[in-house]
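Report on the following structure.
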Amino acid sequence: MPRFFVAPEDINESTAVIRGADAVHIGRSLRMRLGDELTVCCGGEDYICTIDTISDEQCTLTVREKRAGSGEPSVRVTLYQAVPKSDKLELIVQKAVELGVSEIVPVLTLRCVSRPDGKSFRKKQERLCKIALEAAKQCGRSIVPRVGDMISLDECAARLGEHEKGLVCYEKGGRPLREVVGADSRDIGIFIGSEGGFEESEVEKCRSCGAEVIGLGSRILRCETAPLAAAAIVMSLTGNM
């Protein structure tokens, strides 16, 4: 069943409205008709709706059933990703959303080769948010994971200390995830480095803020592989895969 995300003001217990490009997509690309069913997602909940009207401006819907979001894991994972080169972050965002990550936060570290300023990153952030939205629709999420503003290493270290478990994935090794994450874990932050990994001082900064250093085995994973491997392992250990 097609899935669409709407703002809280566009849905209530009995009716919903889908606007703009999604309305065009429903009528022209999907060729849906009056009475057809679709799922509307808002605030982590799924609304099973039927179509009442269709136009290029908006589609009006009747809410038939409200359900708890079916595509959300029991654990909230925030991925802190050191900014990689080229378009690798687009791949990371897309696949992290599919794996169940709740938020992706880009971080500027000492070894980042790509060092965008705030203005240029905000333009890229718009595209990353669109990628997250399309991935959420495709894989059946009930929320659209947020792609946050780019932050500094110090900000990231402080945020890691606020999670139930804040983890730094270090290329020189650390405790295996299976020893750190349990089935009852509910809030995890994972920090992954860029192509050159981390400076030791950065790891120590995170550790001083309460984060724990983890490893992903004896092989060195690329910066676009490590976050996806870590997310998949966490989802498996918490019973979400």
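Under this note's numbering, think of the first position of the sequence shown as 41, with each following residue one higher. For every residue, glycine included, the Cβ atom is placed at its ideal position computed from N, Cα and C.
{"query": "Going residue by residue through the segment 105–179, where are the continuous beta strand (DSSP E) segments of at least 3 residues, counting only ones entirely within it?", "result": "116–122 and 143–148"}
{"query": "Should GLY83 go down as buried or exposed, given a rule of 16 or more other Cβ atoms within 10 Å for buried?", "result": "exposed"}
{"query": "Any contact of the segment 109–128 with the segment 217–232, i.e. 3+ C-beta pairs under 8 angstroms?", "result": "yes"}
{"query": "Over what stretch of residues does the alpha helix (DSSP H) that includes LEU193 continue unbroken?", "result": "193–200"}
{"query": "Can you tell me whether VAL141 is buried or exposed, with buried defined as 16 or more other CB within 10 angstroms of its CB?", "result": "buried"}
{"query": "Rounded to a whole number of angstroms, what is the C-alpha to C-alpha distance between LYS125 and PRO267?", "result": "15 angstroms"}
{"query": "First and last residue of the beta strand (DSSP E) that includes LEU268?", "result": "No beta strand (DSSP E) contains LEU268, which is instead part of the alpha helix (DSSP H) from 266–277."}
{"query": "Could you pull out every residue in the same chain whose Cβ sits closer than 6 angstroms to the Cβ of ARG116, ignoring the five residues on either side in sequence?", "result": "SER142 and ASP227"}
{"query": "Assign ALA47 to one of two classes, buried (16 or more other C-beta atoms within 10 Å of its C-beta) or exposed (fewer than that).", "result": "exposed"}
{"query": "Identify every residue that forms a DSSP beta bridge with ARG215.", "result": "ILE254"}
{"query": "Can you check which of these residues, GLU53, PHE238 and LEU217, is closest to LEU277 by C-alpha distance?", "result": "LEU217"}
{"query": "Between GLN134 and the rest of its own chain, which residues show a CB-CB distance below 7 angstroms, the 5 nearest in sequence each way excluded?", "result": "ILE171 and ALA175"}
{"query": "With a CB to CB cut of under 6 angstroms and the five nearest residues on each side skipped, what residues in its chain are close to ILE273?", "result": "LEU217"}
{"query": "Counting C-beta neighbours from all protein chains within 10 Å, is the total for ARG73 16 or more, i.e. buried, or is it exposed?", "result": "exposed"}
{"query": "Less than 8 angstroms between the C-beta atoms of LEU200 and CYS263, yes or no?", "result": "no"}
{"query": "Any idea what DSSP makes of CYS81, helix, strand or coil?", "result": "strand"}
{"query": "Can you tell me whether SER234 is helix, strand or coil according to DSSP?", "result": "strand"}
{"query": "Alpha carbon to alpha carbon, how far is LEU207 from ASP96? Give it in angstroms, no decimals.", "result": "46 angstroms"}
{"query": "Taking only the alpha-carbon atoms, compute the straight-line gap between PHE238 and CYS81 and give it to the nearest angstrom.", "result": "38 angstroms"}
{"query": "Could you tell me whether the Cβ of SER154 comes closer than 8 angstroms to any Cβ of chain D?", "result": "Looking for chain D here will not work: only one protein chain is present."}
{"query": "Would a C-beta distance cut-off of 8 angstroms place LEU33 and VAL137 closer than the cut-off?", "result": "Nothing about residue 33 can be reported from this structure: the residues present for the chain run from 41 to 281 only."}
{"query": "Give me whichever residues DSSP pairs with ARG59 in a beta bridge.", "result": "GLN98"}
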